[in-house]
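One structure is given here, and the rest of the page talks about it.
There are 2 protein chains.
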Amino acid sequence: MTSSLASRTSARPQDHRLDAASSALDVRLAARRGGFVGHTSGLAAEYVQANLAVLPAAQAEDFRRFCALNPQACPLLGVSEPGDPTLAALGVDLDIRSDVPRYRVWRHGELVEEPTDVSAWWREDLVTFAIGCSFSFEHALLAEGIPLRHVEQGRNVAMYRTSIETQAAGVFRGPTVVSMRPLSAADAIRAVQITARLPRVHGAPLHLGDPSRIGIRDIATPDYGDAVEIRDGELPVFWACGVTPQSAIATARPPFCITHAPGYMLVTDLMNRDLVEA
Amino acid sequence: MTSSLASRTSARPQDHRLDAASSALDVRLAARRGGFVGHTSGLAAEYVQANLAVLPAAQAEDFRRFCALNPQACPLLGVSEPGDPTLAALGVDLDIRSDVPRYRVWRHGELVEEPTDVSAWWREDLVTFAIGCSFSFEHALLAEGIPLRHVEQGRNVAMYRTSIETQAAGVFRGPTVVSMRPLSAADAIRAVQITARLPRVHGAPLHLGDPSRIGIRDIATPDYGDAVEIRDGELPVFWACGVTPQSAIATARPPFCITHAPGYMLVTDLMNRDLVEA
């Protein structure tokens, strides 16, 4: 009883217990209580993590259309009602104001704050968008024995702006951003098959081989994330990336916006295995 | 009545009526009656066509194992009982001795004859193997709007011996033979997804990109079929090919063997659409 009471009342729960075997709710509650402010990569590994975008209702309808028009880059996992901080379809007791370990608050495209709770910023017109994330398909690739160099090297994935324009919707527009993973041809062929069955987390690659075909001038210099070596006999394989909607929001400079901080994702109750479509 | 009687008794049925809309039975009966001795490419387009190998029982068990060990190159659609010229699972009223438009008869690896009927060669120990053929997956690719240059140009597909060794079984062994189709990266990614769902007709590609990785020294000089241009921005995409078992038989030089003549396939009652697996 003492221990139970302590954990319920502690301002600093035992977040060091969070690991790949944790539940999504464990991670969200640890984030909510303020004891956990770390990256979510590798935590609650069976669960789907999501990119977060919270926009005023005045911009939300355009953003919803933008996602629908660009489903590979912006696969919507869930959308809230205006002002509603819950997303029941994505998590029991989920409170979008507190359950992400770190947020970014933006005004007219300028970063204002990086808080661990956005209750003080909440408004009755805010609409939450949860967008699929590559963690889920990387989990599937690794489970099938496909090595991912950036994971082995503990680095962020390499990301690039491309010449593939998104379909614009209202103020939201801009280039498709892709993530790149170097793979042998045989693994690239398997990776296409595995990720094609995961359309809610970016689906099959958009491109493979010659980077210049999609407007990437220098593969050694990613626009986001870390460079990764492409070895002899490997092909660069490119997937649409959740940075695409972030980039579109940055360009649109809406009056107000909340996103997750990079790497600090919303951990949902959806299971990775349930994302697989025939 | 007169017309019907004429068609039933004619030694030369109206095979000029055979086209993409014909049934498999139409093609087989026309071949059986001797009126049709043409290539089967493009005929009875909804139906699965098969490579044929007929071997004495003494070699058949090894060949069956060879196919089982190398399912991408040798996807078995059906195997007969020894001496039985029917293959009920593959066609109503199918008679393997007469229903293929042209055969090749081999003794110790030497081509003896190219008859349009092998009834005179039939033996009580012969086992028939029907092996999936790329016509079915090409049909699926074209149906999805993926252009195939060799089809557009009315040429045979380019095929190459590779450094990928098959798994040997008894006397049957040798290199995997692949067919190559040049595709844009986007079409290659779609083609992987489409053909991965067709494992009974070679399935997903084995390789794409650099031909030297699978031991092909000169992509402009195929070992079988016709060379095809690879244009700027295209990748060569390589699938395991039904010439692999033919090559293994040629190397094994069994005392006796019957195959189809290249391009003169067994047209089965299986439907291409029924080959799709989830």
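Note that the protein sequences, when read in sequence, are chains Z and R. Take 24 as the starting number for the first sequence in the working numbering and just add one per residue. Take 24 as the starting number for the second sequence in the working numbering and just add one per residue. Ideal Cβ positions, reconstructed from N, Cα and C, are used throughout, including at glycine.
Item, Value
"Alpha helix (DSSP H) containing leucine 270(R): first to last residue?", "The sequence given here has serine at residue 270(R), not leucine. 266–275 is the span of the alpha helix (DSSP H), which, as asked, contains serine 270(R)."
"Nearest-angstrom Cα distance between proline 198(Z) and leucine 100(Z)?", "22 angstroms"
"Shortest alpha-carbon distance to alanine 271(R) belongs to which of Ser46(R), Ala76(R) and Asp49(R)?", "Ala76(R)"
"Using CA atoms only, rank isn't needed, just tell me which of Ala208(Z), Arg240(Z), Cys97(Z) and Val299(Z) is closest to arginine 220(Z).", "Val299(Z)"
"For arginine 254(R), which residues from the same chain have a beta carbon less than 8 angstroms from its beta carbon, with the 5 sequence-adjacent residues on both sides left out?", "Pro205"
"Might you give, ordered along the chain, the residues of its own chain that have their beta carbon closer than 7 angstroms to the beta carbon of proline 138(R), omitting 5 neighbours on each side?", "Tyr126 and Val128"
"Would you say glutamine 95(R) faces chain Z, with C-beta separation under 8 angstroms as the test?", "no"
"Three Cβ pairs or more, each shorter than 8 angstroms: is that satisfied between the segment 232–242 of chain Z and the segment 184–203 of chain Z?", "yes"
"Just the chain R side, please: which residues come within less than 8 angstroms of proline 228(Z) by C-beta, in chain order?", "Ile212"
"Could you list which residues in chain R have their beta carbon closer than 7 angstroms to that of glutamine 190(Z), in chain order?", "Going along chain R, no residue has its Cβ under 7 angstroms from glutamine 190(Z), so there is no contact; the nearest lies around 16 angstroms."
"Using 10 angstroms around the beta-carbon of threonine 294(R), count the other beta-carbons present and answer buried if the total reaches 16, otherwise exposed.", "The sequence shown places methionine at residue 294(R), rather than the threonine named in the question. Flag for methionine 294(R) reads exposed."
"Assign threonine 218(Z) to buried or exposed, taking buried as 16 or more other Cβ atoms, counted over all protein chains shown, within 10 Å of its Cβ.", "buried"
"Does the CB of glycine 238(R) have a neighbour CB from chain Z at under 8 angstroms?", "no"
"Could you list which residues in chain R have their beta carbon closer than 8 angstroms to that of glutamine 216(Z), in chain order?", "Val215, Gln216, Ala219 and Ala227"
"For glycine 20(Z), go through chain R and note every residue whose CB falls closer than 8 angstroms to its CB, in chain order.", "Nothing about residue 20(Z) can be read from this structure; chain Z reaches only from 24 to 301."
"DSSP on serine 186(R), reduced to helix/strand/coil?", "strand"
"For histidine 131(Z), does the count of other Cβ atoms within 10 angstroms reach 16, so buried, or fall short, so exposed?", "exposed"
"Please determine, among Tyr247(Z), His230(Z) and Ile239(Z), the residue with the shortest C-alpha to C-alpha distance to valine 260(Z).", "His230(Z)"
"Would you list the residues sitting across from leucine 75(R) in a DSSP beta bridge?", "Ala153(R)"
"Output yes if chain Z places a C-beta closer than 8 angstroms to the C-beta of leucine 289(R); else output no.", "no"
"Which of the three DSSP states is assigned to phenylalanine 261(R) in this structure?", "strand"
"By the 10 Å Cβ neighbour count, where 16 or more other Cβ atoms means buried, how is serine 186(Z) classified, buried or exposed?", "exposed"
"For alanine 284(Z), I'd like the list of residues in its chain whose CB is within less than 7 angstroms of its CB, leaving aside the five on either flank, ordered along the chain.", "Arg125, Tyr126, Arg127 and Glu137"
"Taking the alpha helix (DSSP H) that glutamate 84(R) falls in, what are its first and last residues?", "80–92"
"According to DSSP, simplified to helix, strand and coil, what is tryptophan 129(Z)?", "strand"
"Find the residues of chain Z that neighbour alanine 263(R), judging by a C-beta separation of less than 7 angstroms, and give them in chain order.", "Under the 7 angstroms cutoff, chain Z gives no residues; its nearest Cβ is about 12 angstroms from alanine 263(R)."
"Less than 8 angstroms separating the beta-carbons of glycine 155(R) and alanine 47(R)?", "no"
"Counting only C-beta atoms, is alanine 73(R) closer than 8 angstroms to chain Z at any point?", "no"
"Who does arginine 204(R) pair with in a DSSP beta bridge?", "Val260(R)"
"CA-CA distance, serine 142(Z) and leucine 52(Z)?", "15 angstroms"
"From Glu84(R), Ala191(R), Leu41(R) and His62(R), pick the residue whose C-alpha is nearest to that of threonine 151(R); which is it?", "Glu84(R)"
"Short of 8 angstroms in beta carbon distance, which residues of its chain neighbour leucine 153(R), apart from the five on each side in sequence? Order them along the chain.", "Reading the sequence as shown, one finds alanine at residue 153(R) and not leucine. Same-chain partners within the cutoff: Ala73, Asn74, Leu75, Leu99, Leu100, Gly101, Val102, Leu110, Leu113, Leu289 and Thr291."
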